[in-house]
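Accompanying notes for the structure given below.
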Amino acid sequence: MAIELEQQTHENLQSDIYQTGRLRRSTLVSLRWMAIAGQIFACIVVYFGLRIDIPLPQIAFVIGLSIIFNTSIRLYSPLDRRISNLECGVQLFFDVLQVSALLYLTGGLENPFSLLLLAPVVVAAKTLSKPVFGLIAVTVMGASLLLLERHLPLPWSDDQSIAFPKLYLIGQWVALQVGMLFTAAYTWHATRQTRRMTTALATTDAILAHEQKLTALGHMAAASAHALGTPLATILVTANEIARNAEEGSELIEDAELLKSQALRCRDILSELSTNTGQKDEFYDVLSLKEFLQEMVHPFQSLGKKINIDLVSSATNDVGPDIHRQPELQYGLTNLIENALDFATSEVSILASWNERRICIDIIDDGPGFDPAVLSKLGEPYVSKRSKEHKQAGGMGLGLFISKTLVERRGGSVEFRNRKDTSGAWVSIGWPYSR
Numbered sequence: 001m002a003i004e005l006e007q008q009t010h011e012n013l014q015s016d017i018y019q020t021g022r023l024r025r026s027t028l029v030s031l032r033w034m035a036i037a038g039q040i041f042a043c044i045v046v047y048f049g050l051r052i053d054i055p056l057p058q059i060a061f062v063i064g065l066s067i068i069f070n071t072s073i074r075l076y077s078p079l080d081r082r083i084s085n086l087e088c089g090v091q092l093f094f095d096v097l098q099v100s101a102l103l104y105l106t107g108g109l110e111n112p113f114s115l116l117l118l119a120p121v122v123v124a125a126k127t128l129s130k131p132v133f134g135l136i137a138v139t140v141m142g143a144s145l146l147l148l149e150r151h152l153p154l155p156w157s158d159d160q161s162i163a164f165p166k167l168y169l170i171g172q173w174v175a176l177q178v179g180m181l182f183t184a185a186y187t188w189h190a191t192r193q194t195r196r197m198t199t200a201l202a203t204t205d206a207i208l209a210h211e212q213k214l215t216a217l218g219h220m221a222a223a224s225a226h227a228l229g230t231p232l233a234t235i236l237v238t239a240n241e242i243a244r245n246a247e248e249g250s251e252l253i254e255d256a257e258l259l260k261s262q263a264l265r266c267r268d269i270l271s272e273l274s275t276n277t278g279q280k281d282e283f284y285d286v287l288s289l290k291e292f293l294q295e296m297v298h299p300f301q302s303l304g305k306k307i308n309i310d311l312v313s314s315a316t317n318d319v320g321p322d323i324h325r326q327p328e329l330q331y332g333l334t335n336l337i338e339n340a341l342d343f344a345t346s347e348v349s350i351l352a353s354w355n356e357r358r359i360c361i362d363i364i365d366d367g368p369g370f371d372p373a374v375l376s377k378l379g380e381p382y383v384s385k386r387s388k389e390h391k392q393a394g395g396m397g398l399g400l401f402i403s404k405t406l407v408e409r410r411g412g413s414v415e416f417r418n419r420k421d422t423s424g425a426w427v428s429i430g431w432p433y434s435r
């Protein structure tokens with residue numbers, strides 16, 4: 001068992017290292033040209049502007065290595081392709097060594113530009129897998145530790161000298177490590193949240209496109225049923241003529257009767273299909289609010305849990321206002337009702353209210369309710385939906401995020417909270433309404 005686990009871990013590590021990353025080769029090349037230009041500019045200002053004596057030949061050699069490295073990549077590798085985590089890690093490893101060599105020649109951690117060691121770490125945290133990022137971070141940590149002990153003196157004016165206490169340099173090294181870890185952690189967390197949000201939005205768009213495609217197929221089926229009516233009528237007339245003109249006892253009579261029965265069966269199927277689909281576009285079909293809610297709960301009537309629908313309004317209309325079917329609202333409400341039924345003990349109540357400007361739907365269940373620890377984060381992708389003891393039924397909150405996003409696309413809002421008087425969840429949905 002331990003051997004299999006070790007082999008699986010090794011395979012996952014190799015997959016992460018060799019997997020195609022999110023960064024294009026041209027991005028790293030462009031960033032490196034910018035770094036080279038900045039290094040050359042700094043050398044010119046320090047040497048010719050400030051008249052500070054620096055080891056210019058050695059510095060030029062180190063910068064020249066970076067120029068040769070970058071030019072080789074540009075000449076012999078296609079720049080418009082995304083590169084693997086391994087190649088990106090190798091390039092960033094070279095950048096760390098190049099910056100470290102420049103710092104060695106110009107005072108080590110005494111040089112204020114030692115902060116530039118953080119740049120490769122930030123890039124790695126944002127774009128690379130954890131193993132490769134870890135290697136870059138360890139390299140920076142080790143390089144900065146060596147620069148703390150071994151480096152050439154910090155270049156300074158001839159008539160001035162400066163010496164930093166050892167304790168100050170140690171503090172500088174510690175600050176660099178803390179800054180690296182904090183910056184990397186923040187970048188990693190922000191990037192992960194962005195990726196999750198992007199994935200969730202893409203899933204939402206795919207679901208909505210699927211619903212729209214199904215609706216379009218339904219309209220196409222209805223149109224086909226209408227178009228096939230005339231050919232089927234012709235077949236029936238022809239079959240009757242064949243049966244009437246055939247001699248008694250002829251096999252043609254049996255064939256004609258079979259043809260008639262199959263044509264009638266096709267007509268019945270197409271008639272039912274046309275009736276179920278309707279001749280109107282479902283996006284703009286009008287139905288009452290009560291009918292709309294009944295349509296939403298119909299697929300769940302057989303689950304064995306009680307579903308109450310109550311319309312609360314001072315108006316005399318007991319079925320609610322007329323509304324249009326909208327795929328976003330249909331899918332969003334259906335998913336929220338299903339979620340309530342998944343966690344309800346025995347009953348789910350749906351309360352509908354409205355005024356001249358807005359329709360509000362409250363979905364209330366008698367289940368365990370939402371976990372207070374994540375209640376404020378509900379509606380975000382990958383947040384647990386219910387308490388830990390019911391986690392196996394809930395999974396992650398991608399469904400709630402999709403429902404919330406779809407409702408908000410229609411100008412609506414979704415609010416999650418727990419019931420105050422007893423256990424259970426309370427979800428409020430509202431969207432604009434105009435007569």
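Mapping of the sequence shown onto the UniProt record's numbering: residues 1 to 435, in sequence order.
Beta carbons: idealized from backbone N, C-alpha and C, even for Gly.
The structure presented is a predicted model; accordingly, all values stated were derived computationally and were not measured.
Classified as exposed, Ile170 has fewer than 16 neighbouring CB atoms from the shown chains inside 10 Å of its CB.
Annotated as distal: Leu176 and Ser129, with beta-carbon spacing of 8 Å or more. Going by DSSP, Asp95 is part of the alpha helix (DSSP H) stretching over 85-105. Secondary structure note for Glu291: its alpha helix (DSSP H) is the uninterrupted segment 289-297.
Per DSSP, the beta-bridge partners of Arg358 are Pro432. Restricting attention to Arg195, Thr106, Glu248, the CA atom closest to the CA of Asp53 is found in Thr106. Excluding five sequence positions before and after Phe133, the CB atoms of its chain that fall closer than 6 Å to its own CB belong to Ala124, Ala125, given in chain order.
Under the three-pair Cβ rule at 8 Å, the stretch 57-76 does not count as touching the stretch 113-124. Taking a 10 Å sphere around the C-beta of Val140, we find 16 or more other C-beta atoms and assign the residue as buried. When the beta-carbon positions are compared, Asp80 and Ser26 come within less than 8 Å of each other. The shortest CA-to-CA distance from Ala425 to any of Ile363, Arg410, Leu146 is the one to Ile363. For Ser30, the secondary structure class from DSSP, reduced to helix, strand or coil, is helix. Minimum Cα-Cα distance from Leu97 among the listed residues Phe69, Pro78, Tyr76 corresponds to Phe69. Around the beta-carbon of Tyr186, fewer than 16 other beta-carbon atoms lie within 10 Å, marking it exposed. Assignment of Leu181 by DSSP, reduced to helix, strand and coil, places it in the helix class.
Contact annotation: Asp310 and Ser288 have beta-carbon atoms that are not nearer than 8 Å. In this structure, Ile63 sits near Ile40, with a CB-CB distance shorter than 8 Å.
Residue nearest to Ala263 within the set Ser403, Lys290, Val237, Leu333 is Val237 (criterion: CA-CA distance). With contacts defined as CB atoms closer than 8 Å, Gln294 and Arg410 fail to qualify as a contacting pair. The alpha-carbon of Asn308 is positioned some 15 Å away from that of Gly320. Comparing alpha carbon positions, the residue from Lys260, Leu341, Thr345 closest to Pro299 is Leu341. Around Arg32, the same chain offers Asn70 as residues with beta carbons nearer than 6 Å, after the five sequence neighbours per side are excluded.
With respect to the 8 Å criterion, Lys305 and Ala344 are classified as neighbours on the basis of their beta carbons. In the DSSP assignment, no residue is bridged to Ser313. With respect to Phe164, Glu87 sits apart: the two C-beta atoms are not nearer than 8 Å.
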